[in-house]
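Only one structure is covered here, and it is reproduced in the block below.
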Amino acid sequence: MKSTSDKTDKRIYVCHTYYHVLVSVLKEMTEGREKGGEAVMLLSRMSNDFETLSDRLRASGLFTDIMDFDEKRETFFPELAKYKEDKGGIVANMYNRILFTKKFAKLEEKFIPVDFREFDDIYVFCDADPIGIYLNQHRIKYHAVEDGLNTLKPFVQAKYNDRGHFGIKKFFSMNLNLIFMCDGYSKYCIDMEVNDISVIDDDFYKYKEVPRKALLDSLSSEDKERLVRIFIKDTDALKAFVSKNNRDGVLILTEPLCSLDVREKLFRDLTAEYSKEGTVFLKPHPRDVLDYDKLFGEFWIFDRTIPMELLGLFEGIRFKKVVSVYTHLDLIDFADEKIMLGDDFMDKYEDPSVHRKAEAVEKAFKK
Numbered sequence: 164m165k166s167t168s169d170k171t172d173k174r175i176y177v178c179h180t181y182y183h184v185l186v187s188v189l190k191e192m193t194e195g196r197e198k199g200g201e202a203v204m205l206l207s208r209m210s211n212d213f214e215t216l217s218d219r220l221r222a223s224g225l226f227t228d229i230m231d232f233d234e235k236r237e238t239f240f241p242e243l244a245k246y247k248e249d250k251g252g253i254v255a256n257m258y259n260r261i262l263f264t265k266k267f268a269k270l271e272e273k274f275i276p277v278d279f280r281e282f283d284d285i286y287v288f289c290d291a292d293p294i295g296i297y298l299n300q301h302r303i304k305y306h307a308v309e310d311g312l313n314t315l316k317p318f319v320q321a322k323y324n325d326r327g328h329f330g331i332k333k334f335f336s337m338n339l340n341l342i343f344m345c346d347g348y349s350k351y352c353i354d355m356e357v358n359d360i361s362v363i364d365d366d367f368y369k370y371k372e373v374p375r376k377a378l379l380d381s382l383s384s385e386d387k388e389r390l391v392r393i394f395i396k397d398t399d400a401l402k403a404f405v406s407k408n409n410r411d412g413v414l415i416l417t418e419p420l421c422s423l424d425v426r427e428k429l430f431r432d433l434t435a436e437y438s439k440e441g442t443v444f445l446k447p448h449p450r451d452v453l454d455y456d457k458l459f460g461e462f463w464i465f466d467r468t469i470p471m472e473l474l475g476l477f478e479g480i481r482f483k484k485v486v487s488v489y490t491h492l493d494l495i496d497f498a499d500e501k502i503m504l505g506d507d508f509m510d511k512y513e514d515p516s517v518h519r520k521a522e523a524v525e526k527a528f529k530k
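Residues 164 to 530, numbered by this note's numbering, are exactly what the sequence shown covers, in order.
Below you can see the structure in the form of structure tokens.
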């Protein structure tokens with residue numbers, strides 16, 4: 164475990180995705196600059212290959228250290244599987260969950276690369292990942308940050324995950340710290356930072372609104388140039404794109420949906436549909452492992468690691484439409500029309516019960 168110097172105005176950001184890194188950088192360029200002190204970034208390799216991002220973050224000078232985090236999922240520890248079996252009743256299942264929580268946190272210990280107690284503020288993106296259990300079981304307070312832009316708008320994950328006997332589970336998590344619930348519903352989570360409280364169907368007192376657009380709008384020209392250097396590996400390629408006629412362009416954002424074969428069909432259908440309207444461009448999601456370069460080579464394909472919000476920083480980039488399935492488009496300001504297809508569209512590609520989680524939450528909490 165790596166030690167840092169004396170605890171004075173120190174912040175650490177635990178990031179699992181490129182979007183998490185983007186928000187962390189924005190926070191450091193704004194809030195961090197006002198607070199002073201220093202910041203460290205922890206890059207979890209559990210669900211993303213950040214490639215050479217660490218080097219570019221170091222070169223930015225925003226963080227005193229960039230650390231890799233070899234975070235492990237529960238499936239890495241086969242001895243935990245028995246605690247996930249359904250025992251047929253709330254009492255037996257709760258007992259197993261208590262044991263699971265304690266043992267999982269203990270097993271994760273040796274993979275933690277830093278002493279979190281040395282930091283004044285800990286920001287955890289997606290505390291539903293193992294780091295959330297670890298921090299709570301070690302009684303370390305932290306700030307949760309929403310996983311993606313307006314992630315809680317469709318449904319609150321904690322309420323979906325624990326929609327049966329929610330009140331009991333909430334008490335065991337928030338009061339007793341015997342089990343763990345995500346998105347602020349845990350004892351040692353101080354608050355849950357979100358982009359827009361008004362879109363969340365939950366009046367939970369821990370929600371703290373920090374609009375992302377305000378962070379972006381407050382950046383200086385120098386800050387924007389630094390953002391580009393951090394996230395865009397090949398600016399020449401983007402300049403080449405800018406030189407193309409993209410005024411009739413349709414940008415389709417991919418997402419890691421369904422199985423790979425169904426996902427390919429889904430985006431085949433979308434590219435075929437929107438090719439009728441203009442030039443189609445694809446922006447693969449960072450966690451989408453479908454080989455778009457090979458399978459969709461006839462289209463212009465953006466580097467998957469570029470946060471789509473940064474495209475608006477380039478003068479000349481403008482699309483007729485931006486289309487997504489579930490990705491929220493609130494920060495997109497470089498398109499004439501924004502289309503989020505949603506559940507009705509997804510019904511054609513998979514069992515509705517898989518993605519209609521908001522309806523499951525509504526049914527469970529209906530009075």
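Just so it is clear, CB atoms sit at the ideal spot from N, CA and C, and this is done for glycine as well.
How many whole angstroms separate the CB atoms of Val488 and Val443, which I take to be in contact at a CB cut-off of 8 Å?
As a first step, residue 488 is located in the sequence shown; it is residue number 325 there, counting from the start. As a first step, residue 443 is located in the sequence shown; it is residue number 280 there, counting from the start. Between Val443 and Val488 the Cβ distance is about 15 Å, and since that is not below 8 Å, they are no contact.
Just to confirm, are Tyr351 and Arg302 a CB contact at a threshold of 7 Å?
As a working note, residue 351 is residue 188 in the sequence shown. As a working note, residue 302 is residue 139 in the sequence shown. It is a contact, given that the beta carbons lie within the stated cut-off.
Using a 10 Å radius around the Cβ and a threshold of 16 neighbouring Cβ atoms, would you call Lys247 buried or exposed?
Along the sequence shown, read from residue 1 onward, the residue named residue 247 stands at position 84. Its Cβ having fewer than 16 others within 10 Å, Lys247 is exposed.
What first and last residue would you give for the alpha helix (DSSP H) that runs through Tyr286?
Counted from its first residue, the sequence shown places residue 286 at position 123. No alpha helix (DSSP H) contains Tyr286, which is instead part of the beta strand (DSSP E) from Asp284 to Phe288.
To the nearest angstrom, report how far apart Tyr176 and Lys439 are at their CA atoms.
Position 13 of the sequence shown holds residue 176. Position 276 of the sequence shown holds residue 439. Each residue's alpha carbon lies about 43 Å from the other.
Which word fits Val517, buried or exposed, when buried means at least 16 other C-beta atoms lie within 10 angstroms of its C-beta?
On the sequence shown, residue 517 is found 354 positions in, with the first residue counted as 1. So Val517 counts as exposed.
Gly327 burial status per 10 Å Cβ neighbour count (16 or more: buried):
For the purposes of this step, residue 327 is taken as residue 164 along the sequence shown, with counting starting at 1. Counting Cβ neighbours within 10 Å, Gly327 comes out exposed, since fewer than 16 surround it.
Helix, strand or coil: how does DSSP classify Leu445 here?
Residue 445 sits at position 282 when you count from the first residue of the sequence shown. Strand at Leu445.
Is the number of C-beta pairs between the stretch 339-357 and the stretch 298-316 that are closer than 8 Å three or more?
Contact between the stretch 339-357 and the stretch 298-316 is established, with three or more Cβ pairs separated by less than 8 Å.
His518 - containing alpha helix (DSSP H), residue span:
On the sequence shown, position 355 is the one that residue 518 refers to. Where His518 is concerned, the enclosing alpha helix (DSSP H) stretches over Pro515 to His518.
Do Val203 and Thr238 come within 7 Å of each other at the CB atom, strictly closer than that value?
Position 75 of the sequence shown, counted from the start, is the residue given in the question as residue 238. Position 40 of the sequence shown, counted from the start, is the residue given in the question as residue 203. Cβ atoms of Thr238 and Val203: not closer than 7 Å.
If distances are taken between C-alpha atoms only, which option among Arg280, Val319 and Leu416 comes closest to Lys304?
For this step, residue 304 is matched to residue 141 along the sequence shown. Minimum Cα distance to Lys304 is reached at Arg280.
Following the continuous alpha helix (DSSP H) through Asp466, name the residue where it begins and the one where it ends.
Taking the sequence shown and counting its residues from 1, the one referred to as residue 466 is at position 303. From DSSP, Asp466 is part of no alpha helix (DSSP H); its letter is neither H nor E.
Using three-state DSSP, classify Ser487 as helix, strand or coil.
Stepping through the sequence shown from its first residue, residue 487 is reached at position 324. Ser487 falls in the strand class under three-state DSSP.
Just reading off the alpha helix (DSSP H) that Arg221 is part of, what are its end residues?
In the sequence shown, the residue the question calls residue 221 occupies position 58. Segment Leu216 to Ser223, the alpha helix (DSSP H) holding Arg221.
Taking its Cβ as the centre, do 16 or more other Cβ atoms sit within 10 Å of Gly195, making it buried, or is it exposed?
Counting from one through the sequence shown, the residue named residue 195 turns up at place 32. Looking at its Cβ environment, which holds 16 or more other Cβ atoms inside 10 Å, Gly195 is buried.
Just the C-alpha distance for Tyr258 and His179, rounded to the nearest angstrom, thanks.
By one-based count along the sequence shown, residue 258 stands at place 95. By one-based count along the sequence shown, residue 179 stands at place 16. Computed Cα separation, rounded: 30 Å.
Starting from the C-beta of Tyr382, find all residues in its chain whose C-beta is less than 8 Å away, skip the five residues before and the five after it, and write them out in chain order.
In the sequence shown, counting from the first residue as 1, residue 382 sits at position 219. The displayed chain sequence assigns Leu, not Tyr, to residue 382. Cβ neighbours of Leu382 beyond the five flanking positions: Leu189, Met192, Thr193 and Leu390.
Short of 6 Å in beta carbon distance, which residues of its chain neighbour Phe465, apart from the five on each side in sequence? Order them along the chain.
Sequence index remark: in the sequence shown, residue 465 carries index 302 (1-based). Around Phe465, the same chain offers Lys446 as residues with beta carbons nearer than 6 Å, after the five sequence neighbours per side are excluded.
Compute the Euclidean distance between the alpha carbons of Leu429 and Glu513, then round it to the nearest angstrom.
Along the sequence shown, read from residue 1 onward, the residue named residue 429 stands at position 266. Along the sequence shown, read from residue 1 onward, the residue named residue 513 stands at position 350. Going by the C-alpha atoms only, they are around 10 Å apart.
I want to know whether the stretch 254-270 touches the stretch 284-292 - three or more CB-CB distances under 8 Å.
Taking one beta carbon from each stretch, the stretch 254-270 and the stretch 284-292 have fewer than 3 pairs nearer than 8 Å; the two do not touch.
Which one of Glu418, Ala291, Ala498 and Asp411 has the shortest CA to CA distance from His306?
Numbered from 1 along the sequence shown, position 143 holds the residue referred to as residue 306. Closest option to His306, Cα to Cα, is Ala291.
Span of the beta strand (DSSP E), counted from its first residue to its last, around Arg392
Within the sequence shown, residue 392 is the residue found at index 229, counting from 1. Note, Arg392: premise wrong, no beta strand (DSSP E); alpha helix (DSSP H) at Ser384 to Phe394.
If you measure between the beta carbons of Ser217 and Glu234, is that distance less than 7 Å?
Looking up residue 217 in the sequence shown gives position 54. Looking up residue 234 in the sequence shown gives position 71. No. Outside cutoff.
Going by alpha carbons, who is nearest to Arg375 out of Val186, Asp510 and Phe263?
Against the sequence shown, residue 375 aligns to sequence position 212. That would be Val186, whose Cα lies nearest to the Cα of Arg375.
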